[in-house]
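Here the structure comes first, spelled out in structure tokens, and everything after it is commentary.
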């Protein structure tokens, strides 16, 4: 009875979406039949700034061959992941879908993701990826193919720094704070308030506090969990160092709570902020307000290191898919070095080892890196990072996501004491880890 | 199970099983008519009943069953008894969400009622402007809450929002509304009050219009002033409408989600985390905990409703 109850409950949770999804994915989904194999692909519009690009890529794939026909269901970022999970729980999930790099443990533990060897990938194929691709490993096997990586970097307004006599972007936490304080106080004296620094996530983009916090925690030498992933480890000396440092920007009035980091950066009201490099696409929408007035730098190094959070997206295939070979064919195409080189156009990081890809692709990537000086600091930041933080983050991911969003903000803005905020995160995440 | 259609056939009123002649024929025809009537009755309520059973009763029962399980939608569903209840009742976050919901409810009920009553009183006059008041105050109610939340989020924006821009004209720095721990919850409540008070004003206006003019005329002859008339006539006679408004406001405030999610996602920190927001954040990772929180919310609302019904029946008797 238990499986029936489970399916009924999942069906009731997913009923509304399943109806819509079945309407979108007409044609009987993914059964093997004569003619081209149909593969269903559910994705969010990951090509930042151009929502139609994913559809254009799917159309290009469908036109390029006749064996596999991909049916795309484009979801929204705000609830796309939820809809995918609900549909899979109800047994109506897609063959291929988009998932955060690092993959979600719920899926991995439930055996819901097909390992890449079942999709036609060989060891030679997976060895072409950067070592960071280990974030998609589980039980010694890759379960996702990275489309691209993101990494937390620092963006700064070159015109503002120049205006206040600052020759180079800050390289350490101390330099960051003094540079930001100089800009904030001097601009206020001049009658045009500019925030020297804004932590992404302490503004209108609340979710961003997760990557921001994890970057600063890492720089202070902290980790998210113990090596065996059994306990949460944020309420530590490293955690307190990171949070006290972030908090000091608000208690010392260097940064204003609530001012939008991105919008402020575009308008020139915020001089520096940290976020994934893919935010460049948004900065560029500022047109004349930002053109030639900004640059990227690696994150200022903390007491222990200059590491930062790694993000990005992978493609995964459902183990329940009846079209694993078709799914594999499509994934190899959409996550190929050729396509990943294209993704650099929205400033997504190329996930392959350049020494192991086709020379023509390497030439394309090299050309793009040479043409845009911001790629060098992005790759410098990427080289500082290991898969460890992402693999820890995989455990109790959602509990940590919610707990950090509520409690790190509370600790940094003074609603809760630093100790209480960190203890609450550890308690909430600890409970979730205990259930894994 | 005995049904309504069974009863007349088995127990014909005022007769015996061995009835005879025209009496028996008449009773049979009466019984047939009654059966047909009952069947027609059931058939006409069946669609509504199916919808209620399928979309209210079934999810409610499922929710109660799920509240005793640990389940993340993908893995196995395991029975954990009362553990989910212990988890949420022991969690500071859930307690915070209950306190926030109560504060939000109090602000919303008081704010909405006062504004709705003032509007209804103004609209109750036979003036041309009264019609305008009726129309204008109901307008926000037709805007979807998500849209209203987004508009107000922009109005509250600390650096370039309309509210702080206007405050800035007086040389004063505006507050950081949705980012201030103390102001965020009242700021969200203001949106609910603004959006909903027009509808409640209409309900109260209906109540006001049912108060006979003669009572006011008699009070005027007795030299009762406007305030005395309002206190001693209007408010007591508005009690039924007020009770309905109170109950609706209470339910809607306890279930607040859209505007909170759109404007603050429960932040900053946990300053605007309400019970339904708490449930939503756990829905897809720990269905059991989310269900347990739903059951607690259901029990709270059921208790309030039962108390309210008891009080009403006591007043009526």
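Residue numbers (our numbering), protein chains in the order written: chain A, 6 to 441; chain B, 726 to 1042. Note that beta-carbon positions come from the ideal geometry of N, C-alpha and C, so glycine has one too. All figures in this text were calculated on a predicted structure; none of them were measured in a lab.
Here residue 256(A) has 419 as same chain residues with Cβ atoms under 8 Å from its own Cβ, once five neighbours each way along the sequence are excluded.
Against residue 906(B), the close residues of chain A are 415, 418, 419, 420, in the order they occur along the chain (beta-carbon pairs closer than 9 Å). For a cut-off of 8 Å, the C-beta gap from residue 1009(B) to residue 90(A) is around 6 Å, short enough to register as a contact. With contacts defined by Cβ atoms closer than 8 Å, residue 403(A) and residue 214(A) do not form a contacting pair.
Residue pairing by DSSP places residue 44(A) opposite 75(A) in a beta bridge.
Under the 8 Å criterion on CB atoms, residue 316(A) is classed as non-interfacial with respect to chain B. Not flagged as an interface residue toward chain A: residue 899(B), since no C-beta distance is shorter than 8 Å.
When beta bridges are read from the DSSP output, residue 299(A) appears opposite 162(A). Pairing residue 918(B) with residue 840(B) gives a Cβ-Cβ distance under 8 Å.
According to the DSSP assignment, residue 319(A) belongs to the beta strand (DSSP E) that extends over 315–322. When the beta-carbon positions are compared, residue 229(A) and residue 394(A) come within less than 8 Å of each other. Separation of residue 95(A) and residue 798(B) (C-alpha to C-alpha, rounded to the nearest whole angstrom) is 9 Å.
Sixteen is the threshold: when 16 or more other Cβ atoms of the shown chains lie within 10 Å of the Cβ of residue 399(A), as they do, the residue is buried.
Counting along the chain, the unbroken alpha helix (DSSP H) around residue 406(A) starts and ends at 402–418. Any Cβ of chain B closer than 8 Å to the Cβ of residue 412(A) would place that residue at the interface, and such an atom is present. In this structure, the CA atom of residue 148(A) is about 10 Å from the CA atom of residue 140(A). Residues of the segment 856–890 of chain B with a Cβ closer than 7 Å to any Cβ of chain A, in chain order: 883, 884.
Between residue 310(A) and residue 386(A), the gap from beta carbon to beta carbon reaches 8 Å or more. Shortest Cα-Cα distance from residue 206(A) to any of 424(A), 411(A), 427(A), 437(A) involves 411(A).
For residue 803(B), the three-state secondary structure derived from DSSP is strand.
Runs of the alpha helix (DSSP H) lying entirely within the segment 783–852 of chain B, each at least 4 residues long, are 783–791, 808–815, 817–848 in chain order. Judged by DSSP secondary structure, residue 908(B) falls outside any alpha helix (DSSP H); it is assigned neither H nor E. In this chain, the alpha helix (DSSP H) harbouring residue 251(A) covers 242–256. Identification of residues in the segment 982–1004 of chain B having a C-beta nearer than 7 Å to some C-beta of chain A yields 990, 991, 992, 993, 994, 995, 996, 998, given in sequence order.
Legend: CB atoms of the segment 1004–1019 of chain B lying less than 7 Å from CB atoms of chain A belong to residues 1006, 1009, 1010.
Here the segment 826–844 of chain B makes contact with the segment 972–985 of chain B; the two share three or more CB pairs at distances below 8 Å. For the segment 803–824 of chain B, the set of residues with a beta-carbon nearer than 8 Å to any beta-carbon of chain A comprises 812, 816, 817, 818, in chain order. In terms of Cβ geometry, residue 165(A) and residue 331(A) do not form a close pair [threshold 8 Å]. The beta-carbon distance between residue 158(A) and residue 302(A), rounded to whole angstroms, is 7 Å. This is short enough to meet the 8 Å contact definition. One alpha carbon belongs to residue 83(A), the other to residue 990(B), and they sit about 12 Å apart. Taking C-beta separations shorter than 7 Å and ignoring five residues to either side along the sequence, residue 772(B) has no partners in its chain. For residue 977(B), the enclosing alpha helix (DSSP H) starts and ends at 964–979. Contact annotation for residue 112(A) against chain B: 799 [CB-CB distance below 8 Å, chain order].
Membership of residue 284(A) in any alpha helix (DSSP H) is not indicated, and neither H nor E is assigned to it by DSSP. In terms of Cβ geometry, residue 67(A) and residue 319(A) do not form a close pair [threshold 8 Å]. For residue 889(B), the enclosing alpha helix (DSSP H) covers residues 887–893.
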